[in-house]
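See below for the structure under consideration.
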Amino acid sequence: MGVTELGKLIPQDARREVKLEQLSGRSVALDAYNALYQFLASIRQPDGTPLMDSRGRVTSHLNGLFYRTINLVEAGIRPVYVFDGKPPELKRAEIESRRAAKEKAREQMERAAAEGRAEDVAKYAKRVIYVTDQMAEDAKALLTAMGIPWVQAPSEGEAQAAYMAARGSVWGAGSQDYDSLLFGAPRLVRNLAVSSRRKVGEEYVEVPPEVIELDKVLKALKLKSREQLVDIAILLGTDYNPDGVPGVGPQKALKIILEQGSLENALKTVLKGVKWPVDPLEIKKIFLNPPATDQYRVEFREPDEAKVLEILVEEHDFSRDRVEKGLERLRRALSKAKTSSLDSFF
DNA sequence: CTATATGA
DNA sequence: TCATATAGG
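In the working numbering, the protein residues as written are 113 to 458.
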C-alpha cells in the first residue's frame with residue numbers, strides 16, 4: 113500500500129520517465145514483497161486462478177520473478193531483491209485490518225463461486241492475495257540459483273533498500289510505493305518492468321519506468337528536508353496511520369508543513385485536538401531512523417542452471433523448453449555484462 | 001506480468 | 001516485422 117497520496121504531490125518535473133535501457137549499468141534494490149505481490153495479483157487466468165503446479169502450489173510469483181529478472185539483467189540492470197523482516201510494532205493494527213479485509217473478501221469470493229458469478233470470483237480473488245513465508249522462501253531459492261543477490265531486511269524491506277541506496281551500495285531503490293523516499297533513498301525507480309502496458313479500465317496505457325529523485329522532490333515542493341516530506345506523508349496517511357488526518361489532502365498537508373515548519377509545531381497549533389491511531393511522532397521516528405543492517409553483499413554469481421531447472425521444472429512443472437530459453441538469455445546477458453569493461457556484474 | 005503463437 | 005490474442009503452471 114504505502115503512501116499513495118504522496119504521489120499526487122510529486123510534480124512532473126521531479127519525475128523522469130526513462131527507457132529500461134537508460135538504466136543500463138545501474139544497480140537497484142528492489143522491494144521483493146512489492147514485486148511478488150504484483151505478480152500474484154496480475155499473473156492469473158481470466159477466471160482469477162493463479163498459476164499453480166500439479167500439487168496445487170501457487171507459482172505466479174516464480175513465473176513473474178524469473179522472467180522479470182532476466183529482462184532486467186538483459187537491459188544491463190543489476191537487481192538486488194530486498195525481503196521484509198519483522199514489521200514494526202506500530203504496523204500491527206494496519207496488518208490486522210488488512211487481514212480482516214482479506215478475510216471478508218475471501219467470504220465474498222466463496223459466495224460468488226457458490227452462486228456461479230464468475231466475474232465476481234475473479235474480482236474478489238485479487239483482494240485475497242497473500243505473500244506467504246513459503247513464497248518468499250521460494251523466491252529466495254530461485255534468486256540464489258539464478259545468481260542474483262538478495263538481502264534479508266531486519267524490518268521493512270523498503271527501509272533496507274533505501275539504506276542501501278543512501279550509502280551507495282546500489283544506485284537506487286525500486287518499488288511502486290513512495291515510501292523509499294521517506295526512508296531516505298536518494299532515488300526511487302517506479303514501474304521497473306519491461307512490458308510496461310497496464311490495464312486501465314478496458315484500455316491499455318503505456319507505463320514506462322520513472323526515476324524520482326529525493327532532492328528534486330524537496331526542491332519542487334520547497335521543503336527544507338526529508339523530515340518535512342515525512343511530516344507531510346504522516347498527515348496524508350502511511351502504513352502506520354492509513355487514514356491520515358481527516359480533511360487533509362496533499363495541498364493542505366503541504367501548506368501546513370510549509371507554514372508550521374514541522375509536524376511537532378503543527379501538532380501544537382493547527383492539528384491540536386486531532387485524534388491519532390498511533391503516536392505520529394513514533395511514525396516519524398520510524399521513517400527517519402528505521403532498522404536496517406549493513407550485513408549484506410551485493411554479489412552476482414554464475415547461475416546454477418541445474419538448480420534453476422530443478423526448482424522450476426522438476427519441482428513446479430514449468431515448461432523445460434521455456435526455462436531453458438530463459439536461462440540461455442540470462443547466460444548471454446551476464447556474459448555480455450562480464451566482458452564489458454565499463455560495467456562488470458561480477 | 002511476460003512469452004509465445006498467430007496472422008496481417 | 002508488427003500488433004494483438006492467449007497461454008503460462
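Glycine included, every Cβ here is placed at the ideal spot set by N, Cα and C.
#### Entry: Span of the beta strand (DSSP E), counted from its first residue to its last, around GLU322
Per DSSP, the continuous beta strand (DSSP E) segment holding GLU322 begins and ends at 322-325.
#### Entry: Contiguous alpha helix (DSSP H) assignments of at least 4 residues, all confined to the segment 343-407
Runs of the alpha helix (DSSP H) inside the segment 343-407: 362-372, 375-380, 392-400.
### Query
Between which two residues does the alpha helix (DSSP H) carrying GLY269 extend?
In the DSSP assignment, GLY269 falls within the unbroken alpha helix (DSSP H) covering 269-278.
### Query
DSSP beta-bridge partners for ASP143?
DSSP output for ASP143 lists VAL194 as bridge partner(s).
### Query
Can LYS214 and ARG239 be called in contact, C-beta distance under 8 Å?
LYS214 is a Cβ neighbour of ARG239, given a cutoff of 8 Å.
### Query
Helix, strand or coil: which one does DSSP assign to LEU202?
Note: LEU202 maps to helix in three-state DSSP.
### Query
Using a Cβ-Cβ cut-off of 7 Å (strictly less than) and excluding sequence neighbours within five positions of ILE395, which residues of its own chain qualify?
Counting only Cβ-Cβ distances below 7 Å, and skipping sequence neighbours, we find LEU202, ILE346, THR350, TYR352, ASN353.
### Query
Do VAL410 and SER281 come within 8 Å of each other at the CB atom, strictly closer than that value?
The answer is yes: Cβ separation under 8 Å.
#### Entry: Per-residue burial, ASP327 [other beta carbons within 10 Å of its own, 16 or more giving buried]
Taking a 10 Å sphere around the C-beta of ASP327, we find fewer than 16 other C-beta atoms and assign the residue as exposed.
### Message
Using C-beta distances below 8 Å, list every residue in its chain close to VAL390, excluding the 5 sequence neighbours before and after it, in chain order.
### Response
Contacts found: LEU202, ALA205, TYR352, ASN353.
### Query
LEU442 and ILE189: beta carbons closer than 8 Å?
No, Cβ-Cβ distance for LEU442 and ILE189 is not below 8 Å.
### Query
Using the beta-carbon count (16 or more within 10 Å), is ASN401 buried or exposed?
ASN401 comes out exposed.
### Task
Return helix, strand or coil for GLN150, following the three-state DSSP convention.
Of the three classes helix, strand and coil, the one that applies to GLN150 here is helix, per DSSP.
### Query
Leaving out the 5 sequence neighbours to the left and right, which residues in its chain are closer than 6 Å to GLY313 when beta-carbon positions are compared?
In this predicted model, GLY313 has a pLDDT of only 49, less than 50, meaning its place in the structure is not dependable; the value taken from the coordinates is given anyway. Here the set comprises nothing.
### Task
Would you tell me roughly how many angstroms separate the C-alpha atoms of GLN220 and ASP289, rounded to the nearest one?
One alpha carbon belongs to GLN220, the other to ASP289, and they sit about 28 Å apart.
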